[in-house]
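Peer 1: Starting off with a structure, shown below.
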Amino acid sequence: MAYNLLKGKKGIIFGALNEQSIAWKVAQRCVAEGAEIVLTNSPLALRMGELNKLAEECNAPVIPADVTSNEDVTNLITKSMEHFGGGVDFILHSIGMSVNVRKNIPYTENNYDFTHKGLDISALSFHRVMQTAMKLDAVNEWGSIIALTYIAAQRVFPDYNDMADNKAYLESIARNFGYQYGVKKHVRVNTISQSPTRTTAGNGVKGFDGFVNYAEKMSPLGNADADQCADYVVTLFSDLTKMVTMQNLFHDGGFSYTGVTQAVIEQMEK
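If you count by full-length UniProt numbering, then the sequence shown holds residues 1 to 270, one letter each, in order.
Here it is, written out as structure tokens:
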């Protein structure tokens with residue numbers, strides 16, 4: 001059911017790859033709620049994924065951008081403003097990649113060239129997008145910017161590897177840039193710490209099924225899925241949450257504040 005929460009709003013969605021992607025679900029939900037969007041991903045992801053299918057469904061242009069490139073990000077935001085005839089009201093950063101994870105390199109043996117690459121894509125890109133948007137005055141007053149994160153930024157999940165460091169830095173950027181953007185233009189910046197979700201990126205983490213099953217048993221409400229995350233993102237893009245900023249918001253069925261559950265106890269006693 002749609003409520004027209006984003007009627008008349010315009011935004012940029014980073015990171016949709018295929019129907020498993022949270023960004024894909026967010027794009028669909030934003031359009032259903034009355035928004036117009038621009039879709040973007042890296043040139044490689046555009047070749048690998050199915051973004052043109054989503055673009056047709058959402059009547060949205062696709063503008064490629066390598067988020068490690070200042071030039072590409074500037075081009076993306078400039079062309080988005082030209083498309084909309086003005087600024088945007090929301091941005092979703094749903095980007096994360098670790099070469100160390102992809103190559104099964106243990107955390108204690110990380111290749112630092114790979115670490116730098118992953119940090120640039122997964123976290124520094126969030127700063128780059130907001131810095132560029134601020135310079136171009138691309139986000140309208142009381143706009144909303146969201147990045148997706150994971151609780152490994154606060155707790156140890158051994159196989160999450162250097163992505164945990166990337167997410168911790170991502171959350172720090174949200175707080176620090178959120179202060180600056182709030183003072184300058186009442187733009188709010190938040191991160192959503194989502195349950196482990198079966199996306200293409202998530203499935204690349206060693207032992208991911210264990211992450212999902214453990215979180216399901218540890219969450220009083222169970223794991224939040226991609227569609228539910230999209231619903232939550234929409235509320236944070238809407239005018240109903242205009243005073244929420246610089247927050248890391250857990251969307252995980254209660255996992256983040258649960259010490260132990262009866263289901264886990266029973267499993268351990270078997």
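Backbone N, C-alpha and C define an ideal beta-carbon position, used for all residues, glycine too.
Return yes when the Cβ of MET243 is within less than 9 Å of the Cβ of ARG188, no when it is not.
Peer 2: Going by C-beta atoms, ARG188 is nearer than 9 Å to MET243.
Peer 1: Rounded to the nearest angstrom, what separates PRO220 and ASP159 at their Cα positions?
Peer 2: 24 Å
Peer 1: Could you tell me the alpha carbon to alpha carbon distance between LEU124 and MET163, rounded to whole angstroms?
Peer 2: Each residue's Cα considered, the two are about 13 Å apart.
Peer 1: Within 10 angstroms of the Cβ of ILE13, are there 16 or more other Cβ atoms? Answer buried if so, exposed if not.
Peer 2: buried
Peer 1: Of the choices ASP137, ASN161, TYR214, GLY210, whose alpha-carbon is the least far from that of TYR181?
Peer 2: ASP137
Peer 1: Pick from MET268, GLU266, THR191, CYS229: whose alpha carbon is nearest that of LYS25?
Peer 2: CYS229
Peer 1: Counting only the same chain and skipping the five closest in sequence on each side, list residues whose C-beta sits under 8 Å from that of PRO196.
Peer 2: TYR150, GLY202, PHE208, PHE211, VAL212, ALA215, ASN223
Peer 1: Specify the secondary structure class of THR40 as computed by DSSP and reduced to three states.
Peer 2: strand
Peer 1: Which residue comes first and which comes last in the beta strand (DSSP E) that contains HIS93?
Peer 2: 88 to 93
Peer 1: So with Cβ pairs under 9 Å, would you call GLN28 a contact of chain B?
Peer 2: Although the question refers to chain B, the structure presented lacks it and comprises just one protein chain.
Peer 1: Locate the alpha helix (DSSP H) running through ASN166, then write down its first and last residues.
Peer 2: 163 to 185
Peer 1: Counting C-beta neighbours from all protein chains within 10 Å, is the total for LEU236 16 or more, i.e. buried, or is it exposed?
Peer 2: buried
Peer 1: Let me confirm a value: THR108 is counted as buried when at least 16 other C-beta atoms fall within 10 Å, else exposed. Which label applies?
Peer 2: exposed
Peer 1: Between which two residues does the alpha helix (DSSP H) containing PHE211 stretch?
Peer 2: 208 to 218
Peer 1: So, is ILE192 buried or exposed, given that buried needs 16 or more other C-beta atoms within 10 angstroms?
Peer 2: buried
Peer 1: Is DSSP giving PHE250 helix, strand or coil here?
Peer 2: strand
Peer 1: Suppose the cutoff is 8 Å on Cβ atoms and the five residues either side in sequence are ignored; what does the same chain contact list for GLY34 look like?
Peer 2: Taken in chain order, the residues that qualify are ALA2, ASN4, LEU5, LEU6, LYS7, GLY8, LYS9.
Peer 1: As a quick exercise: from VAL67, GLY15, ILE77, pick the residue whose alpha carbon is nearest that of GLU50.
Peer 2: GLY15
Peer 1: Can you tell me whether ALA138 is helix, strand or coil according to DSSP?
Peer 2: coil
Peer 1: Any idea if GLY11 is buried or exposed, counting beta-carbon neighbours within 10 angstroms, 16 or more meaning buried?
Peer 2: buried
Peer 1: State the start and end residues of the unbroken beta strand (DSSP E) segment that holds PHE14.
Peer 2: That run of the beta strand (DSSP E) goes 10 to 14.
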